[in-house]
Every structure is written in C-alpha cells, then in structure tokens.
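Taken in sequence, the protein lines are chains A and B.
Using my numbering, the letters of the first sequence map in sequence onto residues 10 to 193.
Using my numbering, the letters of the second sequence map in sequence onto residues 10 to 193.
Working notes, structure below.
Number of protein chains: 2
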Amino acid sequence: MDYAAGRFAEGGYHPTSVADIVGGMKVGKGVFYWYFSSKEELFLEILRDAQHALRRAQQKAIEDENDPVRRIEAGIRCSMEWLAENRHFFALLQFAGTEELFAPHLRRGQEVAVADVVRHVQEAIAAGQLADVDPVVISHAILGVTNHLARTFILDRGEDAATVADAAVAFCLNGLRGGVLDPA
Amino acid sequence: MDYAAGRFAEGGYHPTSVADIVGGMKVGKGVFYWYFSSKEELFLEILRDAQHALRRAQQKAIEDENDPVRRIEAGIRCSMEWLAENRHFFALLQFAGTEELFAPHLRRGQEVAVADVVRHVQEAIAAGQLADVDPVVISHAILGVTNHLARTFILDRGEDAATVADAAVAFCLNGLRGGVLDPA
DNA sequence: CCGTTCCTTGACCGATCGGTCAAGTCTGCC
DNA sequence: GGCAGACTTGACCGATCGGTCAAGGAACGG
C-alpha cells in the first residue's frame with residue numbers, strides 16, 4: 010500500500026495502472042484483488058490512512074497547549090512539518106480534491122480538521138484574543154494559507170518547513186497589515 | 010472548446026475521452042484532430058485561455074485604483090467573482106495543479122499573477138501601509154486564501170461571491186487578530 | 001498421505017482508450 | 001463542368017485498461 014501510494018503520487022491516479030503497481034511489487038494481479046476489491050477502494054484506503062495520520066500528528070502537537078491561539082499555531086506548524094515529510098500523501102490529498110469520486114471523502118476529513126480549529130477560534134474569541142469574525146471562515150482561510158504555502162514553498166521550491174511555517178503563522182495572526190495601523 | 014472545457018470540468022481530464030467530446034458535439038473524430046493535434050494540446054489551450062481570461066479580469070478591476078492596498082483588495086474581489094462565474098474553469102485550474110504534465114503551465118501563469126500582487130505589496134510596504142514581510146510569501150498566502158475560500162464557500166456551498174470576498178479581504182488585511190491587541 | 005483452507009499466479013477477457021486514415025462532401029475559382 | 005483544397009466522417013488500429021478465474025503451491029490438522 011505504501012508502494013501504491015508512491016506510484017499514485019508520482020504518476021497520478023488514472024495514469025497509474027493496477028498492472029504498474031503489481032508489476033513493480035513483483036506479485037501477481039490476483040494478490041491485489043485478494044486484498045482490495047478494486048483500484049478505487051485501494052485509493053480510498055490510502056486516502057483515509059493519510060488523513061488519519063495527519064490528524065493524529067495534529068492532535069499530538071496540540072495536546073499540551075493550553076492557550077487556544079497557541080494551539081492554532083501549533084496546528085499550522087505541525088501540518089507544515091507533516092506535509093514536508095509526507096510529500097507523496099500531500100500530492101494524493103491534492104488530487105483527491107479534484108476528482109468527483111474522492112472529493113466527498115476528502116471534504117469529510119477536512120471538515121473534521123476544520124471543526125477542531127473552529128473550537129479553538131471560538132475559545133480565543135471568547136477570551137478576547139481574536140476579533141469576532143465567523144470562525145468557520147477563519148478556519149478555512151487558515152487551511153488555505155497552510156496548504157498553498159506548503160505546496161509552493163516546500164514541495165515546489167524545497168524550502169525549510171519551519172521557516173515557511175513561521176511565515177504562515179505570522180500571516181494568519183496579523184494579516185497583511187501586521188500591526189501597522191491604517192493611516193486612513 | 011467551450012463544450013470540451015465543460016466536459017473536462019465535470020468529468021475530469023482522464024475519464025473524459027475524445028470520443029465523449031466529439032460524440033457530444035455530434036461531429037466526427039477527424040474534425041477534432043484537424044483542429045487539435047492531441048487531447049493534451051486541447052487541454053493546454055483551454056488552460057491557457059482560462060488563465061488569460063482571469064488575468065484580464067484582474068487587470069480590468071485594478072486599472073483605476075491608485076492605492077496599492079485597494080488594488081490588492083480589488084484583485085481578491087475580482088478573482089472571487091470570476092471564479093464564481095466560471096466554475097468549470099476553476100475546476101480545470103484545480104486539476105491542472107495535480108497533474109505533472111500540466112502543473113508547470115499552471116504554475117507559470119500563477120507566478121505572473123503573483124508577481125503583480127508582489128508589486129502592490131512592495132509599494133504598500135514602502136508607503137508604510139503594510140508590515141515589512143517577504144512580499145512573495147504574502148502574495149502566495151493571499152492566493153491560497155482566495156482559492157480555498159472560493160472553493161469551499163462558493164463552489165461547494167453556493168454562497169454569495171461578494172460575501173465570501175469580504176471575508177477573504179478582511180482576513181488577508183487583518184489576520185486572525187484583526188486589530189485586537191495581544192494581551193501578552 | 002490426504003483434504004482443506006489460504007494465498008498466489010499470470011493468461012485471459014471485454015471494453016475502451018488516443019489516434020489514424022481512406023474516403024467522401026462542400027465551397028469557390030477557373 | 002471540373003478541379004483544388006478545406007473540411008468532415010466513422011470504421012478501424014494497436015495498446016492498454018480494470019477485473020476475472022482456472023490452476024497450483026504452501027501450511028496445517030487428521
């Protein structure tokens with residue numbers, strides 16, 4: 010399954026054939042269909058595993074942070090780190106979002122992650138640490154920044170995960186203005 | 010080509026066959042290969058058109074804004090509006106980013122758009138309107154927020170483009186804290 | 001030594017893919 | 001009318017796809 014994930018990640022789901030996978034593992038085709046009922050199911054299983062792994066990493070990074078804003082920050086950093094170390098899974102997640110067939114599953118997992126962040130945001134707003142804006146929108150915005158920055162700077166340009174995470178956190182917390190008061 | 014773009018958007022690039030396209034247009038296969046040398050070339054042409062259209066819309070929205078921050082804001086709003094009105098193209102752009110074959114072309118166009126934003130950011134920083142952070146990172150972050158918010162709230166949930174744009178602008182400008190002073 | 005169950009093989013299947021091409025139609029020019 | 005070249009057709013091609021299945025180990029209890 011790890012091998013298959015790698016192949017899917019580098020070649021894409023559709024162009025990678027079952028024959029490629031079993032051929033590369035030097036096993037017969039039968040063994041594939043013994044363990045998985047279809048190519049589609051294999052991908053869903055990989056997808057599910059990847060989402061669980063990311064979520065576990067996030068929860069571990071957060072468990073001993075009391076301050077809600079610090080929890081959000083830890084979540085961003087941890088996601089960035091995880092995406093850097095699991096680039097093949099990252100590619101898979103990106104792809105899953107573009108396929109009618111897999112998008113719902115991806116979205117479902119994403120909503121769970123967002124729900125976590127939403128709770129922290131609500132907590133922080135209640136404590137007066139953050140401005141009172143729709144937490145769901147905020148959380149999705151954070152996810153968007155994290156994903157895109159990871160994709161661009163870590164995957165495409167090979168930059169350091171911690172550095173990119175710093176930038177992402179700074180942007181999410183302070184936005185463009187970053188504490189500069191609007192002269193208007 | 011419009012028809013083909015629609016098919017690609019709703020069915021995905023790989024699952025949509027040339028036979029589907031020509032069949033749906035009630036023409037022979039020959040006419041397809043008369044105008045395009047391959048399925049791949051057709052997709053690249055569609056992709057290029059979509060990027061040009063988006064860029065034109067952005068430049069039109071910006072041309073009569075003097076303030077750099079206002080130009081950034083106008084760019085976000087205009088992109089959101091365009092993505093809402095051209096959902097099929099949006100789906101295509103998303104897909105192109107996941108395919109080794111098309112990603113470079115997508116990225117090239119994206120870099121052009123980012124370069125525009127970078128100039129505005131630099132101008133604004135020089136004017137003291139924004140904090141002095143790497144403009145390239147900032148610009149990609151804006152792009153990430155815009156894309157993800159558009160995808161989630163406009164495409165998936167059918168919300169109003171202007172409303173989502175408001176939220177995106179607010180987040181980009183002020184971040185999470187949104188002017189709330191850090192008590193620490 | 002047999003029978004049973006679990007696992008593995010790879011030849012094979014029908015379907016479908018992207019792409020080709022001989023043949024034909026249409027249009028306008030001489 | 002007749003010719004040229006632009007355009008259109010759809011049968012056809014080899015390749016490859018996801019998936020099946022008859023056949024055959026390997027391990028085990030009896």
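By construction, the Cβ of each residue, glycine as well, lies at the ideal position given by its N, Cα and C atoms.
I want to see whether chain A comes within less than 8 Å of residue i, judged by CB atoms only; does it?
i: threonine 25 of chain B; result: no
i: alanine 140 of chain B; result: yes
i: alanine 18 of chain B; result: no
i: glutamate 132 of chain B; result: no
i: asparagine 248 of chain B; result: Residue numbering for chain B in the displayed model covers 10 to 193; residue 248 of chain B lies beyond these limits and cannot be assessed.
i: asparagine 183 of chain B; result: yes
Could you tell me whether the Cβ atoms of residue i and residue j are closer together than 8 Å?
i: histidine 23 of chain A; j: histidine 23 of chain B; result: yes
i: alanine 5 of chain B; j: leucine 101 of chain B; result: Given that chain B is displayed from residue 10 to residue 193, the structure contains no residue 5 of chain B and the question cannot be resolved.
i: isoleucine 103 of chain B; j: glycine 106 of chain A; result: For clarity, residue 103 of chain B is glutamine in the given sequence; the question names isoleucine instead. For glutamine 103 of chain B and glycine 106 of chain A, yes; Cβs fall inside 8 Å.
i: valine 27 of chain A; j: phenylalanine 41 of chain A; result: yes
i: alanine 174 of chain A; j: arginine 86 of chain A; result: yes
i: phenylalanine 45 of chain A; j: phenylalanine 111 of chain A; result: no
i: glutamate 54 of chain A; j: methionine 89 of chain A; result: no
i: valine 130 of chain A; j: leucine 139 of chain A; result: yes
i: glycine 21 of chain A; j: glutamate 108 of chain B; result: yes
i: alanine 171 of chain A; j: isoleucine 163 of chain A; result: no
i: glycine 84 of chain B; j: alanine 70 of chain B; result: yes
i: glycine 15 of chain B; j: glycine 184 of chain A; result: no
Roughly how many angstroms lie between the CA atoms of residue i and residue j, to the nearest whole one?
i: valine 123 of chain B; j: tryptophan 43 of chain A; result: 48 Å
i: alanine 56 of chain B; j: glutamate 50 of chain B; result: Note on identity: in this sequence residue 56 of chain B is leucine, with alanine being the wrong assignment. About 10 Å.
i: valine 127 of chain A; j: glycine 33 of chain A; result: 43 Å
i: leucine 63 of chain A; j: asparagine 75 of chain B; result: 44 Å
i: asparagine 95 of chain A; j: glutamate 168 of chain A; result: 15 Å
i: lysine 48 of chain A; j: glutamate 120 of chain B; result: 35 Å
i: arginine 116 of chain B; j: phenylalanine 99 of chain B; result: 14 Å
i: glycine 176 of chain A; j: arginine 186 of chain B; result: Going by the sequence as given, residue 176 of chain A is alanine instead of glycine. If you take the alpha carbons of alanine 176 of chain A and arginine 186 of chain B, they lie about 16 Å apart.
i: arginine 80 of chain B; j: valine 31 of chain B; result: 42 Å
i: threonine 25 of chain B; j: aspartate 73 of chain A; result: 49 Å
i: tryptophan 91 of chain A; j: threonine 161 of chain B; result: 23 Å
i: aspartate 191 of chain B; j: histidine 61 of chain B; result: Unreliable placement is indicated for aspartate 191 of chain B, whose pLDDT of 45 sits below 50; the coordinate value is still reported in the next sentence. So the alpha carbons of these two residues sit roughly 42 Å apart.
i: histidine 97 of chain B; j: lysine 35 of chain B; result: 21 Å
i: aspartate 165 of chain B; j: glutamate 132 of chain A; result: 27 Å
i: glycine 137 of chain B; j: valine 178 of chain A; result: 22 Å
i: aspartate 125 of chain B; j: glutamine 68 of chain B; result: 9 Å
i: aspartate 143 of chain B; j: aspartate 143 of chain A; result: 28 Å
Keeping to the same chain, check which residues put their C-beta closer than 8 Å to that of residue i; ignore five residues upstream and five downstream.
i: leucine 182 of chain B; result: Val78, Glu82
i: alanine 193 of chain B; result: The predicted position of alanine 193 of chain B is uncertain, since its pLDDT is 41 and thus under 50; a value taken from the coordinates is nonetheless stated next. Excluding positions up to five away in sequence, the list is empty.
Less than 8 Å between CB atoms is the rule here; does residue i satisfy it with respect to chain B?
i: glutamine 60 of chain A; result: no
i: arginine 186 of chain A; result: yes
i: isoleucine 147 of chain A; result: yes
i: phenylalanine 180 of chain A; result: yes
i: glycine 104 of chain A; result: Note on residue identity: the sequence assigns phenylalanine, not glycine, to residue 104 of chain A. Yes, its Cβ sits closer than 8 Å to a Cβ of chain B.
i: alanine 66 of chain A; result: no
i: leucine 158 of chain A; result: yes
i: valine 154 of chain A; result: yes
i: asparagine 95 of chain A; result: no
i: glutamate 108 of chain A; result: yes
i: glutamine 33 of chain A; result: Looking at the sequence provided, one finds glycine at residue 33 of chain A rather than glutamine. No, its Cβ sits nowhere closer than 8 Å to a Cβ of chain B.
i: aspartate 143 of chain A; result: yes
i: alanine 150 of chain A; result: yes
i: glycine 21 of chain A; result: yes
i: alanine 176 of chain A; result: yes
i: proline 192 of chain A; result: In this prediction, proline 192 of chain A scores a pLDDT of 42, lower than 50, which makes its location untrustworthy; the coordinate-derived value is nonetheless stated afterwards. Closer than 8 Å: yes.
Looking only at its own chain, which residues have a Cβ that is under 6 Å from the Cβ of residue i, when we skip the five neighbours before and after it?
i: isoleucine 134 of chain B; result: Asp141
Can you give me the Cβ contacts of residue i inside the same chain, cut-off strictly under 7 Å, excluding the 5 residues immediately before and after it?
i: phenylalanine 180 of chain B; result: Val154
i: aspartate 29 of chain A; result: Arg16
i: proline 39 of chain A; result: For clarity, residue 39 of chain A is glycine in the given sequence; the question names proline instead. There are no such residues.
i: glycine 37 of chain B; result: Val31
(request) Take every Cβ of the stretch 144–154 of chain B, pair it with every Cβ of the stretch 152–160 of chain A, and state whether three or more of those distances are shorter than 8 Å. (result) yes
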